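J.: Heads up: the sequence shown is residues 4 to 215, going by our numbering.
This is the structure I have questions about; it appears just below.
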Amino acid sequence: MSDALPPLRTDFARQVRREQQWVLGVCALTSLLAHLALLWLWPQPGGRVGVASVSARLRSITAAPQLDPPVLALPMAGVKPAASAAARAGSAPLPAEEGGASHHPAGRVAPPDLSDYTPVEQLTSRPRFLMDMREYVPASLDEHEVGRIVLQVLISEGGEVDGVVVESSELSPRGTRRFVQRLDALRLAPGMFDGQPVKSRWRLEFSFAALE
């Protein structure tokens, strides 16, 4: 008499395999849901910034439509303003609270003339940022500095910032000054016209929101 065990029934083996596949499927689905939950809770670009040195949040950067050059009011710290079209025509400059204020890197004697810079709308290739603006720009701002700031960045053929014209700002005067000074060290690819780098004028709107 043989002691060999009878072979397992085929239908029973199939049932076991189906149960194992069902368990594996449930485990895979649970893992997927857990990963989705982590992605939902993890800070996303434009949300809360997870960098200790950043105390304000850059909500958006928008390329604003180009307008006629503003009449420059007295710039910061005794810098001589550039002559605007209205000033050259003999018009009196606007008061400081109504006009735009200009700023330029410390090495310059006077800010450049806006007429030397081509609006980006007229270029064949616009300038572009070479750094993460959401982390770079707000790093020097205090937590209470929220709102919008509209300005024109004057960019050289080499992609350096030659100057900044502030058209309007909801930041404090100190916050506006620190923000504009921060732009001096921006790294950009210059604007191009017919394959050649040119001086360009880029009108931008930055919007800041408080950390939540």
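For glycine and all other residues, C-beta sits at the position ideal for the given N, C-alpha and C.
Remember, it's a predicted structure, so these values are computed and weren't measured experimentally.
Just reading off the beta strand (DSSP E) that residue 200 is part of, what are its end residues?
T.: That run of the beta strand (DSSP E) goes 199 to 201.
J.: For a test of the three-state rule: what should DSSP assign to residue 138, helix, strand or coil?
T.: In this structure, residue 138 counts as helix in the three-state DSSP scheme.
J.: Considering only DSSP beta bridges, list what residue 155 is partnered with.
T.: For residue 155, which the question treats as bridged, DSSP gives the partners 168, 206.
J.: Under the rule that 16 or more other beta-carbon atoms within 10 Å means buried, what is residue 156, buried or exposed?
T.: So residue 156 ends up on the buried side.
J.: Specify, as a first and last residue, the run of the beta strand (DSSP E) that residue 194 falls within.
T.: Unbroken beta strand (DSSP E) run through residue 194: 194 to 196.
J.: In chain order, what residues of the same chain have a beta carbon less than 8 Å from the beta carbon of residue 119, not counting five sequence neighbours either side?
T.: Result list for residue 119: 202, in chain order.
J.: Going by alpha carbons, who is nearest to residue 123 out of 21, 179, 160?
T.: When only C-alpha atoms are compared, the closest one is 160.
J.: To the nearest angstrom, how far is the alpha carbon of residue 154 from that of residue 129?
T.: So the alpha carbons of these two residues sit roughly 16 Å apart.
J.: Give the C-beta separation of residue 209 and residue 149 to the nearest angstrom, bearing in mind that I take them to be a contact with Cβ-Cβ under 8 Å.
T.: Incorrect: roughly 11 Å between the Cβ atoms, too far for contact.
J.: Out of 162, 168, 191, point me to the one whose CA is closest to residue 180's CA.
T.: Out of 162, 168, 191, 168 has the C-alpha closest to the C-alpha of residue 180.
J.: Report buried or exposed for residue 190, applying the criterion of at least 16 other Cβ atoms within 10 angstroms of its Cβ.
T.: Residue 190 is exposed by the Cβ-count criterion.
J.: Could you confirm whether any beta carbon from chain B is found closer than 8 Å to the beta carbon of residue 163?
T.: This model lacks chain B altogether, as it is built from one protein chain only.
J.: Excluding sequence positions up to five away, which residues of its chain have a Cβ less than 8 Å from the Cβ of residue 125?
T.: The residues are 196.
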